[in-house]
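S.K.:
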Amino acid sequence: MNTIGIVIIGIGLFFDLMGCIGLVRMPDIYNRLQASTKCVTFGTCSILFGSFLIMGFSGGGMKALLCIAFILLTSPVSAHALSRGAHISGIKLWGKSVCDKYQEDRQPSAKV
Amino acid sequence: MHRRLRWLLGTIVLVGIVALIVVRPMPILFHPELPYAPFIARCLFVLLLCSFLCLYRILRGPTAPDRVVAIDILGILVVGFCAVLGISTGRNWYMDIGIAWGLQSFVATIALAKYIEGKGLEE
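Taken in order, these protein sequences are the chains called A and B. According to my numbering, the residues represented by the first sequence are 7 to 118, in order. According to my numbering, the residues represented by the second sequence are 195 to 317, in order.
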C-alpha cells in the first residue's frame with residue numbers, strides 16, 4: 007500500500023509541475039486559468055489521496071479525504087468566478103482565439 | 195528565430211533543474227532518519243520549484259487577474275506542502291493546516307474576483 011501511495015504522489019507532483027509550467031507559458035489569462043487550475047487541482051488531490059493511502063484510516067487519513075472533498079468543491083467555483091470577473095472587467099482575449107460565446111451571450115445585438 | 199531561442203533556453207534550464215532535483219537532491223532539512231526521507235526531499239523541492247514559477251507570474255503578470263490566478267494556485271500548492279509534511283513527520287495537525295488554508299484561499303479568491311468584476315460584494 008505504501009508503494010501505491012508513493013506512485014500516486016509522484017503522479018500528483020508531475021501534474022503540479024505541468025500546471026505551473028502552463029501558468030508561466032500560456033499567452034492569455036483564460037488559457038492560463040484553464041491550464042493551471044485543472045492540473046493543479048488534480049495534482050494536489052492525488053497528493054492528498056496518496057497520503058491517505060500511506061496513513062490509512064487514522065486521523066490524518068480521514069482529514070486528507072476531507073481536504074480532497076473541500077478542494078474538489080471549491081476550486082472550480084473560484085476558477086469560474088475569476089474568469090467571469092476577468093471577462094466582465096474587459097480583459098481582451100488572445101489575438102488568435104477562435105470564438106467568444108460569452109460575449110455573444112452578453113450582447114445579443116452585436117451578434118454577427 | 196528569437197522566440198525559438200528563448201523557448202529552447204527555457205526548456206533546457208527547466209529540464210536541468212528538474213533533473214538536478216530528481217538525481218541528486220540536497221540533504222533534507224529535518225531528521226534524516228524518518229521514513230521515506232529521500233522521496234520526501236524530492237517532493238519538497240519539486241513543490242518549491244512550482245512555487246517559484248507561481249511567484250514569477252505574480253511579479254510579472256500583465257493584468258490583475260493573472261496575479262489572482264497565481265495566488266490561487268499558490269494556495270493550493272501550500273495544501274500539498276502540508277500533506278507531504280504530514281506524511282514525513284507523522285503528525286496529524288498538518289492536515290488541519292491544509293484544510294484551513296484551502297478554505298481561506300477559496301474565500302480570498304472569491305473576494306478578489308468580485309473586486310475585479312467591479313461590483314459590490316453584496317450581490
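Ideal Cβ positions, reconstructed from N, Cα and C, are used throughout, including at glycine.
Roughly how many angstroms lie between the CA atoms of residue 197 of chain B and residue 33 of chain A, to the nearest whole one?
M.R.: 13 Å
S.K.: Who are the near neighbours of residue 86 of chain A in its chain, counting only those whose CB is closer than 8 Å to its CB and skipping five residues on each side?
M.R.: Excluding sequence positions up to five before and after residue 86 of chain A, its CB lies less than 8 Å from no other CB in the same chain.
S.K.: Below 8 Å on C-beta distance, what does residue 23 of chain A contact in chain B?
M.R.: 212, 240, 243, 244
S.K.: Under a three-way DSSP split, which group does residue 99 of chain A fall into?
M.R.: coil
S.K.: Can you give me the C-alpha to C-alpha distance between residue 35 of chain A and residue 64 of chain A, rounded to a whole angstrom?
M.R.: Rounded to whole angstroms, the separation of the alpha carbons of residue 64 of chain A and residue 35 of chain A is 41 Å.
S.K.: What residues in its chain sit with their C-beta under 7 Å from that of residue 25 of chain A, if we drop five residues either side in the sequence?
M.R.: Contacts found: 41, 42, 45, 46, 49.
S.K.: Express the C-alpha separation of residue 15 of chain A and residue 218 of chain B in angstroms, rounding to a whole number.
M.R.: Distance between the alpha carbons of residue 218 of chain B and residue 15 of chain A is about 19 Å.
S.K.: Which residues, taken in chain order from the stretch 266 to 280 of chain B, show a beta carbon closer than 9 Å to some beta carbon of chain A?
M.R.: 266, 267, 270, 271, 273, 274, 276, 277, 278, 280
S.K.: Under 9 Å, Cβ to Cβ, is there at least one residue of chain A near residue 200 of chain B?
M.R.: Chain A, which has no Cβ nearer than 9 Å to the Cβ of residue 200 of chain B, makes this no.
S.K.: I'd like to know whether the C-beta atoms of residue 274 of chain B and residue 22 of chain A end up nearer to each other than 9 Å.
M.R.: Against a cut-off of 9 Å, the Cβ pair of residue 22 of chain A and residue 274 of chain B comes out as a contact.
S.K.: Could you run through the stretch 22 to 49 of chain A and flag, in chain order, every residue whose CB is less than 8 Å away from some CB of chain B?
M.R.: 22, 23, 25, 26, 27, 29, 30, 35, 38, 39, 42, 43, 46, 47, 49
S.K.: How many angstroms separate the CA atom of residue 51 of chain A from the CA atom of residue 271 of chain B?
M.R.: C-alpha separation (whole angstroms): 10 Å.
S.K.: Are residue 258 of chain B and residue 248 of chain B touching if we call contact CB-CB under 9 Å?
M.R.: No, Cβ-Cβ distance for residue 258 of chain B and residue 248 of chain B is not below 9 Å.
S.K.: Residues in the same chain with beta-carbon distance under 6 Å from residue 11 of chain A, minus the five sequence neighbours each way, listed in chain order, please.
M.R.: Shown here for residue 11 of chain A: same chain residues with a beta carbon closer than 6 Å to its own, the five before and five after excluded, namely 56, 59, 60 in chain order.
S.K.: Taking residue 68 of chain A as the reference, which of A:112, A:81, A:54, A:78 has the closest Cα?
M.R.: A:54
S.K.: Between which two residues does the alpha helix (DSSP H) carrying residue 109 of chain A extend?
M.R.: First-last of the alpha helix (DSSP H) with residue 109 of chain A: 107 to 112.
S.K.: Does residue 204 of chain B pass the burial test, meaning 16 or more other C-beta atoms within 10 Å, or should it be called exposed?
M.R.: exposed
S.K.: Residue 65 of chain A touches chain B at which residues, Cβ-Cβ below 7 Å?
M.R.: 286
S.K.: How many Å lie between residue 288 of chain B and residue 77 of chain A at the Cα?
M.R.: 16 Å
S.K.: Using three-state DSSP, classify residue 68 of chain A as helix, strand or coil.
M.R.: helix
S.K.: Determine the burial state of residue 317 of chain B: buried for a count of at least 16 other Cβ atoms within 10 Å of its Cβ, exposed for fewer.
M.R.: Its pLDDT being 49, under 50, residue 317 of chain B is placed unreliably by the model, and the measurement read from it follows with that caveat. With fewer than 16 other Cβ atoms within 10 Å, it is exposed.
S.K.: Can you name, in chain order, every residue of its own chain whose Cβ lies under 6 Å from the Cβ of residue 74 of chain A, other than the five neighbours on each side?
M.R.: Excluding positions up to five away in sequence, the list reads 51, 54.
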